[in-house]
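**Q** Mind having a look at this structure? Questions to follow.
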Ligand code: E4P
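Residue numbers (UniProt numbering): 1 to 217.
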């Protein structure tokens, strides 16, 4: 399973990129708004850091296919690595059909059912983003959605890749890998949590103490 980082914060993106563990970035309107920076400016900066798929979403206020297609073309023109993130609606699917026919990569977001993922794949989406954390939040097992989509895509040989999104903790990550997600898009905090184990810390401390006791600093 590959990792993307789910943020528009360039410092976090740099940190994760330096670790060598991420090969792409996903953003959304909330994450861009959190940074309080111009969309194009922050996206351009991200493309200069990570050499891989960068999802930039159409404006949250753009709800018609025509508008999404226009913005999608503009987003795609920012950099060859750009992926246009489009919400899962009827209008969104129409936009995906047109953009994908032009060779523009798309990521259909806010997927909460296997049927939505199937429709997005049929429309030509490069990626679908099932949101597991938000399903968990309403007491529905999000990981089951990821597993079901992975099974269906494998049966029919869809090339559309599954980006497990709304990943909130390290257990989600392991579950996504077991469920067959192609990619997990993960906030920096979770990547950092994944590096940790108390026995690793204890081991490092003991090695240092043993070494220093004999060889000094
Ligand atoms: C996915 O691409 C979204 O940006 C993100 O994963 C949403 O996560 P959240 O539900 O924690 O906001």
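Think of the CB as a built atom: it goes at the ideal place given N, C-alpha and C, for glycine as much as any other residue.
Quick check: residue 94 and residue 124, are their CB atoms within less than 8 Å of each other?
**A** No, the pair does not count as a contact, with Cβ atoms beyond the cut-off.
**Q** Between the stretch 128-142 and the stretch 165-174, can you find at least three pairs of beta-carbon atoms closer than 8 Å?
**A** Yes: the two stretches touch, three or more of their Cβ pairs being nearer than 8 Å.
**Q** If you check the beta carbons only, do residue 46 and residue 21 fall under 8 Å apart?
**A** No, the pair does not count as a contact, with Cβ atoms beyond the cut-off.
**Q** Using 10 angstroms around the beta-carbon of residue 208, count the other beta-carbons present and answer buried if the total reaches 16, otherwise exposed.
**A** Counting Cβ neighbours within 10 Å, residue 208 comes out exposed, since fewer than 16 surround it.
**Q** Which whole-angstrom value describes the C-beta separation of residue 108 and residue 88, a residue pair presumed to lie in contact below a C-beta threshold of 8 Å?
**A** Rounded, the Cβ-Cβ distance is 5 Å, consistent with contact.
**Q** Under the three-state reduction of DSSP, which class applies to residue 198: helix, strand or coil?
**A** If DSSP states are grouped into helix, strand and coil, residue 198 belongs with the helices.
**Q** Tell me whether residue 55 is buried or exposed, calling it buried when 16 or more other Cβ atoms sit within 10 Å of its Cβ.
**A** Flag for residue 55 reads buried.
**Q** Quick one: does the C-beta of residue 24 sit closer than 7 Å to a heavy atom of the ligand E4P?
**A** No, the Cβ of residue 24 stays beyond 7 Å of every heavy atom of the ligand E4P.
**Q** Comparing alpha-carbon positions, which option in 173, 61, 134, 121 lies nearest residue 154?
**A** Nearest C-alpha to residue 154: 121.
**Q** At a threshold of 7 Å, does residue 109 count as lining the ligand E4P (C-beta to nearest heavy atom)?
**A** Checking the Cβ of residue 109 against the ligand E4P gives yes.
**Q** Quick one: does the C-beta of residue 31 sit closer than 7 Å to a heavy atom of the ligand E4P?
**A** For the ligand E4P, at least one heavy atom lies less than 7 Å from the Cβ of residue 31.
**Q** Give, in chain order, every unbroken run of the beta strand (DSSP E) that is at least 3 residues long and sits entirely within the stretch 107-153.
**A** The qualifying runs are 127-130.
**Q** Which two residues bound the contiguous beta strand (DSSP E) that contains residue 186?
**A** Residue 186 -> beta strand (DSSP E) spans 183-186.
**Q** May I ask you to report which of helix, strand or coil DSSP gives residue 203?
**A** Reduced to three states, the DSSP call for residue 203 is helix.
**Q** Return the chain-ordered list of same chain residues with a C-beta closer than 8 Å to the C-beta of residue 113, the five sequence neighbours on each side being excluded.
**A** Once the five neighbours on either side are set aside, the close Cβ partners of residue 113 are 145.
**Q** Roughly how many angstroms lie between the CA atoms of residue 8 and residue 84, to the nearest whole one?
**A** One C-alpha to the other measures close to 15 Å.
**Q** Mark residue 105 as exposed unless 16 or more other C-beta atoms lie within 10 angstroms of its C-beta, in which case mark it buried.
**A** Burial call: buried.
**Q** Indicate whether residue 214 and residue 194 have their beta-carbon atoms separated by less than 8 Å.
**A** Cβ distance not < 8 Å, so residue 214 and residue 194 don't count as in contact.
**Q** Please name the residue, chosen from 62, 111, 151, that lies closest to residue 91 on a Cα-to-Cα basis.
**A** Answer by Cα proximity: 62.
**Q** On the criterion of 16 or more Cβ atoms from any shown chain inside 10 Å, does residue 188 qualify as buried, or is it exposed?
**A** Per the 10 Å Cβ criterion, buried.
**Q** Which same chain residues end up closer than 7 Å to residue 68 when comparing Cβ atoms and leaving out the 5 residues on each side of it in sequence?
**A** 58, 62, 86, 91, 92, 95, listed in sequence order.
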